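Residue numbers (full-length UniProt numbering): 1 to 72. Taking it in order: structure first as structure tokens, then the write-up.
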């Protein structure tokens with residue numbers, strides 16, 4: 001295995017830390033806002049999809065009859 005210089009590993013670790021915690025600059029704020037808008041749009045789409053879904057009636061009727069028979 002090839003040995004690397006000790007300073008190279010330290011630079012690598014520092015660059016990873018910088019990537020993990022980006023500086024708070026206008027570009028980062030703009031990206032955060034864009035991400036927030038995309039999440040909200042996705043949530044609205046999923047909510048609409050479930051709101052328009054039709055329940056499976058035969059299964060509900062079967063469940064109700066089973067409950068009624070159990071109560072008798």
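No residue lacks a Cβ here, since even glycine has one placed at the ideal position from N, Cα and C. All figures in this text were calculated on a predicted structure; none of them were measured in a lab.
Backbone secondary structure at residue i - three-state DSSP
i, result
"residue 71", "helix"
Spatial distance of residue i from residue j (CA atoms)
i, j, result
"residue 46", "residue 40", "10 Å"
"residue 69", "residue 61", "12 Å"
"residue 36", "residue 63", "41 Å"
"residue 50", "residue 28", "33 Å"
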